[in-house]
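Numbering-wise (full-length UniProt numbering), the sequence shown opens with residue 1 and increments by one.
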Amino acid sequence: MAEVDVEGLFSNAMNGQWREALEAYNKNPGALEAKITKTEDTVLHVAVYLGQTGFVRNVLDGINEEVCLNVLNMQNSKGNTPLHLAAEVGNVDMCHNIAKRDSKLICGRNLEGETPLFLAAVHGKRDAFLSLHGLKQNCDEDDDAEDDSLAKKSNGDTILHSTIASMALEIIELYPKLVNSVNQDGLSPLQVLAGKPNCFKSCTRMELLQSLVYNFSMVDETEETDDARHNGEDKTHHYPINYETCAAFFSLLKSTYIHHSSFSIMVWWQIKLKASIFYTVTAVGKDDKAASNDEENNVSQKSEEEQAKELERKHHRFPPIWGTAIRFLTHVVKILLIICGVGANWICKIQRKKVKHILAKQVMNELIQRSSSSMYKYDYSGMSADESEKGRRMQSPILIAAKMGVTEMVEKILDTDPVAIHEVDYENKNVVLLAIENRQPHVYSLLNKRSLIRENVFRQVDKHGNSALHLAATYRNHKPWRVPGAAMQMQWEYKWYKDSMPPNFFERYNKNGQTAKQLFISTHQGLAKEGGKWLTKTSESCSVVAALVATVAFTTSTAIPGGPDQNTGYPLFQGRPAFNIFAVVSLVALCSSVTALVLFLSILTSRFQEKDFALDLPRKLLLGLTTLLTSIASVLVSFCAGHFFIVEDELKYAVYPIYVATCLPVSFFAFVQLPLYLDLSLAMIRKVPQRSYNVHSHEMHRHH
1 MAEVDVEGLF SNAMNGQWRE ALEAYNKNPG ALEAKITKTE DTVLHVAVYL GQTGFVRNVL
61 DGINEEVCLN VLNMQNSKGN TPLHLAAEVG NVDMCHNIAK RDSKLICGRN LEGETPLFLA
121 AVHGKRDAFL SLHGLKQNCD EDDDAEDDSL AKKSNGDTIL HSTIASMALE IIELYPKLVN
181 SVNQDGLSPL QVLAGKPNCF KSCTRMELLQ SLVYNFSMVD ETEETDDARH NGEDKTHHYP
241 INYETCAAFF SLLKSTYIHH SSFSIMVWWQ IKLKASIFYT VTAVGKDDKA ASNDEENNVS
301 QKSEEEQAKE LERKHHRFPP IWGTAIRFLT HVVKILLIIC GVGANWICKI QRKKVKHILA
361 KQVMNELIQR SSSSMYKYDY SGMSADESEK GRRMQSPILI AAKMGVTEMV EKILDTDPVA
421 IHEVDYENKN VVLLAIENRQ PHVYSLLNKR SLIRENVFRQ VDKHGNSALH LAATYRNHKP
481 WRVPGAAMQM QWEYKWYKDS MPPNFFERYN KNGQTAKQLF ISTHQGLAKE GGKWLTKTSE
541 SCSVVAALVA TVAFTTSTAI PGGPDQNTGY PLFQGRPAFN IFAVVSLVAL CSSVTALVLF
601 LSILTSRFQE KDFALDLPRK LLLGLTTLLT SIASVLVSFC AGHFFIVEDE LKYAVYPIYV
661 ATCLPVSFFA FVQLPLYLDL SLAMIRKVPQ RSYNVHSHEM HRHH
């Protein structure tokens, strides 16, 4: 056999010269088995990955069966066959064309233990996944393994562990046994989902405008499926980028028309989707199960009708004409936002986020309903020391959800299985203790509303004797609250410590002989010191400005524009509007600047104890910033009012823009200080802190 021109084959493949590659094979049949890339890909691997369906079909049709099987079974450096790559890119035609020639390829595993079916599911390629699922009946797997073996990789991860997203609902329906499967870390799909808080609305923080768009977005189940199908895939726009806004308008108008005129089509589509999935399941069954499949078909058809009725009831939560009007108004709001410069991509991003949240909640409900209630009850007898320790470190889904702040899952599990409230981890911490320890105010608020939980479970202690108040008093290095600065963090820490105190609480000691108050003081020393430094530095800077403003305000208030009348002693301009404004604002400037100076000096002389950060120090800082801003604005207004008298009559209207420009520094100062001002103001109003969700990776790492 002649030597294969590897460089020529590589050049042909990279340049899209597939006709030349086919001619090279005709001249030398060994070209198909040559490794042409650093990752040991063959020409067929590259063609499959680049979507050259015609080339692959022509090659496979032009070789004999023995050579065809040999080429299709060749693996690259990662152990992937051409079918693995076809499943990964979601090319249904290639998957069917390759698998029908050798169905055993569906059972083939790469070096990670992944089958083509697994890769199709992981990458969200629904059509390729369903195609391979329908062709896998000829795979020579063990009869005991049935359908589940191809849906698992070597470490025990199933397709349900890896695709807790768009395709999870279909996977649950096709592979119901995977719901209770665990990987080598002992985690079930529900536990994996509990460890992904960003998939849920309760763990997603949005600004006011984002929240409005999120709440106004009405997403139907058909939209969810379609968006999930295209999640992560690039969408080619056949129009210039500068036409994006116009395209967004037409898209919104089109969707408005479709949604209010085709509900019956939506229901029909749902039924067809369910029927197609069911047909895929029953079509691959064995012959000796035909009778039972017919019975299941009748049951499935009934359930489809019930689901269609339920979908219709869900859609018509209000009269249909109301739904049309509300949807129309929703799209009008979106169009107005696009006109205001918000951007269509930004709105679509929020809509995709809502779709993700809805899908995650649907998957969660299915997993909870199908999960075995006893699968998290570990029996440590007969285990080795390592196995026992590993088992004790496993946490049930409700405990993981409480730690990560997934309120939806905690509520659903408690509604389904109220006994789950008594579950504890290896440190004897229950749901309440974990929610308090990890600063999850929404979970804590949910649990606190249940009187049974508040009375019976709230007084649980962990293996170290720490109560809920001990855990609330313990501070760790990460910053849990969504506020800037050590002083604000200290404020929320103290509020969390006080708000976590159960009713009729009595002081108790942990096994180290510490009370919760002692633990709070000892663990918050560094944060209190850092917060005190920030407050001191801020107060020193602001007090200097307040002293300068007070000096200017005093001088201004004693200077009378135009001087007094020599006969009566009254100001010459008394009674004029500008003079009255000058008299009032100059006094306001003096009083507010002196007040600000006193407030900042009181902060500098504070003892900076832990309890001072809760209300006393933030209130002084808030009032100090308010009075300082008022004094600066008053000085500028008094200057403009006094300057008005020295301007000639014909120039008076021309100086108004100059006066406005003079006030810009005050506006800039107020804009810069607005975030801090809002944080301080909200801290006075809110009882429950606003949790930050930027520490999930740290927390998730700790719970394993």
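Yeah, the Cβ is synthetic: ideal placement off N, Cα and C, and Gly gets one too.
Query                                                                                                : Result
Beta-carbon proximity check, Ile159 vs Glu366, cutoff 8 Å                                            : no
Proximity of Arg109 and Cys68 at Cβ, strictly below 8 Å                                              : no
Which listed residue (Asp415, Met404, Gly405, Ala402) has its alpha carbon closest to that of Gln369 : Asp415
Thr474 in three-state terms, based on DSSP                                                           : coil
Cβ pair count under 8 Å reaching 3, the segment 91-101 against the segment 49-56                     : yes
Exposed unless 16 or more other CB atoms sit within 10 angstroms - verdict on Gly405                 : buried
Local conformation of Gln17 per DSSP, three classes                                                  : coil
Trp346 to Glu66 span [Cα, whole Å]                                                                   : 54 Å
Exposure label - Ala559; buried when at least 16 CB within 10 Å                                      : exposed
Paired residues, beta bridge with Lys152 - DSSP                                                      : Thr158
The segment 514-521 touching the segment 572-587, judged by at least three CB pairs closer than 8 Å  : no
C-alpha distance - Phe10 paired with Arg19, whole-angstrom precision                                 : 13 Å
Arg576 (DSSP reduced to helix, strand or coil)                                                       : coil
contact_flag[the segment 663-677, the segment 467-481] where n(CB pairs < 8 Å) is 3 or more          : no
Three-state secondary structure assigned by DSSP to Arg352                                           : helix
Identity of the residue in Gly485, Leu597, Leu359 nearest Ala168 by Cα                               : Leu359
Arg450 in three-state terms, based on DSSP                                                           : coil
In DSSP terms, what Arg691 is bridged to                                                             : Trp481
Cβ neighbour criterion (16 or more within 10 Å) applied to Ser374                                    : Its pLDDT being 48, under 50, Ser374 is placed unreliably by the model, and the measurement read from it follows with that caveat. Classification for Ser374: exposed.
Beta carbon of Val48 nearer than 8 Å to that of Pro82                                                : yes
Cβ neighbour criterion (16 or more within 10 Å) applied to Gln184                                    : exposed
Sub-8 Å separation of Ser541 and Ala596 beta-carbons                                                 : no
For Ala578, the nearest candidate out of Glu408, Lys201, Phe639, Leu119 (CA to CA)                   : Phe639
Contact belief for Val431 with Ile398 at Cβ below 8 Å, rounded distance in angstroms                 : 6 Å
Spatial distance of Ala553 from Ala589 (CA atoms)                                                    : 6 Å
First through last residue of the alpha helix (DSSP H) which encompasses Ala486                      : 486-499
Spatial distance of Val637 from Leu680 (CA atoms)                                                    : 27 Å
Nearest neighbour of Ala402, chosen from Val355, Lys38, Val443, Gln75 [CA to CA]                     : Val443
Val655 - DSSP class collapsed to helix/strand/coil                                                   : coil
Per-residue DSSP class, three states only, for Ser300                                                : In this prediction, Ser300 scores a pLDDT of 44, lower than 50, which makes its location untrustworthy; the coordinate-derived value is nonetheless stated afterwards. Reduced to three states, the DSSP call for Ser300 is helix.
Expected contact under 8 Å - CB spacing of His45 and Asn76 to nearest Å                              : 6 Å
Per-residue DSSP class, three states only, for Tyr509                                                : coil
Backbone CA spacing between Thr627 and Ala550 [nearest angstrom]                                     : 11 Å
Residue environment, His357, which counts as buried when at least 16 other CB atoms sit within 10 Å  : buried
Selected residue, minimal CA-CA separation from Leu72, among Gln440, Ser586, Ala34                   : Ala34
Best match in Asp157, Lys463, Asn466 for proximity to Leu187 [C-alpha to C-alpha]                    : Asp157
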